[in-house]
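For the numbering used here, add 28 to where a residue sits in the sequence shown, where the first one is 1.
In this text, a Cβ means the ideal position worked out from N, Cα and C, and glycines have one as well.
Structure, as structure tokens:
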Amino acid sequence: MSLILSLNAGSSSLKISLYRRADPVELILTSSITNISTPSAKFSFDATTEPAPGITNHADAFAHFLSRLASHSPPYPPAEIRYICHRVVHGGAFTTRTPIDASAYDRIAALSDLAPLHNGAALSVIKACIHRLPTAHSVAYFDSAFHASIPRHISTYAIDQDVAAQRGLKKYGFHGLSFSFILRATSTHLSLPASSLNLIVLHLGSGASACAISSGSSLDTSMGLTPLSGLPGATRSGTVDPSLIFHYTNTAGRMTHDPASAVALRVTRAEEILNRGAGWNALAGTTDFGRIVTVATRKREEGKEETEEGRRCKLAFDLFVDRVLDFVGAYHLKLGGEVDALVFAGGIGERSVELRRVVAQKIECLGYVRVDERRNGEVDGRKGVVFDIGVEGEHMNARRAKKILVCRTDEQVEMARSCALDDEFWGSESHQ
């Protein structure tokens with residue numbers, strides 16, 4: 029039996045999926061560790077969840093997973109894990125999956141200055157895997173690689189190009205594993221080749237980004253040099269005037285430890301403010317977007333003034349919708365109006381009925397199908413991967429119907445699938 033592990037490391041979390049190599053890959057079990065290094069740390073394995081305050085770093089988290097895996101019934105011996113797929117957010121010049129040797133590890137580590145809140149956790153897990161599973165092959169799958177197709181005039185910043193080239197200062201884009209999964213899943217759903225599809229994809233979660241896909245390749249995306257650019261997130265500002273931070277604080281360049289990370293890393297005060305002290309948490313006082321929607325759309329009792337929480341949540345919701353529309357409108361134009369579908373994904377995109385309704389209503393003027401209220405409201409309770417929430421039969425005769433879809437994205441299965449089908453890894457060995 030050949031097993032594949034897919035690992036997704038956050039600054040204080042670790043998500044793990046174990047697959048059996050097949051076509052398609054077969055999910056065996058999932059596990060996760062959240063709030064690493066805090067008293068509220070929790071360890072989930074298959075269908076059970078338990079407190080895990082003793083897990084203080086990612087190496088401990090991975091060791092805890094392996095010990096539970098060994099005692100699982102039936103057991104899955106570590107020796108049967110052939111490949112470990114690591115989601116690495118920032119790949120810099122890497123444009124494809126890369127087996128991790130000493131040189132690749134050092135190159136990924138050198139990118140930590142561009143993604144201090146993301147790559148550090150992945151490196152910690154990679155090191156733990158090499159130590160704990162020395163016979164398994166670790167492979168990096170980069171979120172930025174999907175966007176290597178972005179044209180130079182779009183990825184270039186209007187700065188000194190010698191400095192830009194020397195320091196790698198350009199738009200990279202992220203959420204690429206998610207966009208790759210969504211492209212493939214949408215292709216299957218529409219029964220159209222991925223290479224023919226024009227899509228506008230919204231990966232909306234605590235981190236959010238948009239992507240314009242032209243003929244199956246990334247044309248543009250909202251994130252840039254780092255994941256901070258573009259749409260706001262739970263604690264992330266999104267795009268702001270670059271000089272704002274210097275008016276916000278006079279200690280923008282001072283180094284500080286990131287308090288929300290389980291990895292020992294240092295970031296500037298500016299990065300800490302814009303990555304951890306902003307977003308809809310700064311506007312509404314909560315990172316729970318579901319709560320924001322509930323409060324923002326709650327009807328006021330007759331004769332009563334709107335509450336302060338209501339005003340703040342409405343501002344956060346309206347601002348987020350506005351920023352989403354900025355990118356949908358721009359990408360619609362970049363695709364020449366020839367769009368097969370607008371696709372919602374990510375935790376918010378998949379669950380927020382109201383956000384989908386409002387955004388879809390705003391873009392009807394561009395020729396997108398109207399949202400069917402019943403279909404839109406039933407997504408969360410349905411089984412499947414891609415769901416059409418448009419009014420059935422509308423715009424059927426149009427050359428491109430401009431559908432509204434929802435996709436349950438899965439970055440871990442995207443890595444495992446890519447690994448399982450990689451002939452360079454398996455040679456003539458058949459799927460087992």
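{"Query": "Measuring CB to CB, does G244 end up less than 8 Å from G261?", "Result": "no"}
{"Query": "How is L220 classed by DSSP in three states: helix, strand or coil?", "Result": "coil"}
{"Query": "Skipping 5 residues on each side, what residues in its chain have a beta carbon closer than 7 Å to that of T124?", "Result": "A173"}
{"Query": "Between F415 and V434, which are expected to be in contact by the criterion C-beta below 8 Å, what is the C-beta distance as a whole number of angstroms?", "Result": "5 Å"}
{"Query": "Going by other Cβ atoms of all chains shown within 10 Å of its Cβ, with 16 needed for buried, is K430 buried or exposed?", "Result": "buried"}
{"Query": "In its own chain, which residues sit with a C-beta less than 6 Å from the C-beta of E337, not counting the 5 before and 5 after it?", "Result": "V323"}
{"Query": "Near T126, what residues of its chain come up, given a Cβ to Cβ distance below 6 Å and the 5 sequence neighbours on each side ignored?", "Result": "A132 and A168"}
{"Query": "Cβ of D171 within 8 Å of Cβ of G204?", "Result": "yes"}
{"Query": "Please tell me whether A192 and Y185 are closer than 8 Å, where the distance is taken between their beta carbons.", "Result": "yes"}
{"Query": "Assuming K431 is part of the beta strand (DSSP E), what are its boundary residues?", "Result": "K431 to C435"}
{"Query": "What first and last residue would you give for the alpha helix (DSSP H) that runs through T322?", "Result": "F317 to A324"}
{"Query": "At a cut of 8 Å, does the stretch 89-97 reach the stretch 70-81 through at least three beta carbon pairs?", "Result": "yes"}
{"Query": "Would you kindly check if the distance between the Cβ of L247 and the Cβ of K462 is under 8 Å?", "Result": "Any answer about residue 462 is impossible in this case: the structure gives the chain only from 29 up to 460."}
{"Query": "With DSSP as the reference, label T263 as helix, strand or coil.", "Result": "coil"}
{"Query": "Excluding the 5 residues flanking V399 on each side, which residues of the same chain have their C-beta closer than 8 Å to its C-beta?", "Result": "R384, R385, A388, Q389, I417, G418, V419 and I432"}
{"Query": "Determine, using beta carbons only, whether F317 and S242 come nearer to each other than 8 Å.", "Result": "no"}
{"Query": "Exposed or buried, which one is Q440 when buried takes at least 16 other CB atoms within 10 Å?", "Result": "buried"}
{"Query": "Counting Cβ pairs closer than 8 Å, one from the stretch 352-361 and one from the stretch 199-216, do we hit at least three?", "Result": "no"}
{"Query": "With which residues is Y133 paired in a DSSP beta bridge?", "Result": "BP columns for Y133 are empty, so no partner."}
{"Query": "When you compare each of V413, C393, P106 and A107 to H371 by their alpha carbons, which one comes out closest?", "Result": "According to the sequence provided, residue 371 is Val. The question's His does not apply to it. If we check each option's Cα against that of V371, V413 comes out closest."}
{"Query": "With H, G and I counted as helix, E and B as strand and the rest as coil, what does DSSP make of T249?", "Result": "strand"}
{"Query": "Where in the stretch 50-104 do unbroken runs of the alpha helix (DSSP H), each at least 4 residues long, occur, reported from the N-terminal end onward?", "Result": "86-98"}
{"Query": "Please classify C239: is it buried, with 16 or more other beta-carbons within 10 angstroms of its beta-carbon, or exposed?", "Result": "buried"}
{"Query": "Express the C-alpha separation of A444 and E452 in angstroms, rounding to a whole number.", "Result": "14 Å"}
{"Query": "Per DSSP, G418 is paired with what?", "Result": "V399"}
{"Query": "Identify every residue that forms a DSSP beta bridge with G38.", "Result": "S41"}
{"Query": "Report yes or no: do the stretch 263-273 and the stretch 299-316 share at least 3 C-beta pairs separated by less than 8 Å?", "Result": "yes"}
{"Query": "Going by DSSP in three states, P463 sits in which element: helix, strand or coil?", "Result": "Residue 463 lies beyond the range of the chain shown here (29 to 460); nothing can be said about it."}
{"Query": "Going by beta carbon distance, what residues of the same chain come within less than 6 Å of I112, once the five residues before and after it are set aside?", "Result": "L33, C157, A164 and S166"}
{"Query": "Assuming the contact rule is C-beta atoms closer than 8 Å, I64 and N36 should be a hit. Round their C-beta distance to whole Å, please.", "Result": "Wrong, their Cβ atoms sit about 13 Å apart, outside the cutoff."}
{"Query": "Can you look up I228 in the DSSP assignment and give me helix, strand or coil?", "Result": "strand"}
{"Query": "So what does DSSP say about R282, is it helix, strand or coil?", "Result": "coil"}
{"Query": "Within this structure, are the beta carbons of G201 and T249 separated by less than 8 Å?", "Result": "yes"}
{"Query": "For chain B, check one thing: does any of its Cβ atoms lie closer than 8 Å to the Cβ of I241?", "Result": "No chain B appears in this structure, which consists of one protein chain only."}
{"Query": "Could you round the C-beta distance between K198 and L142 to whole angstroms and report it? I think they count as a contact, below 8 Å.", "Result": "Rounded, the Cβ-Cβ distance is 10 Å, inconsistent with contact."}
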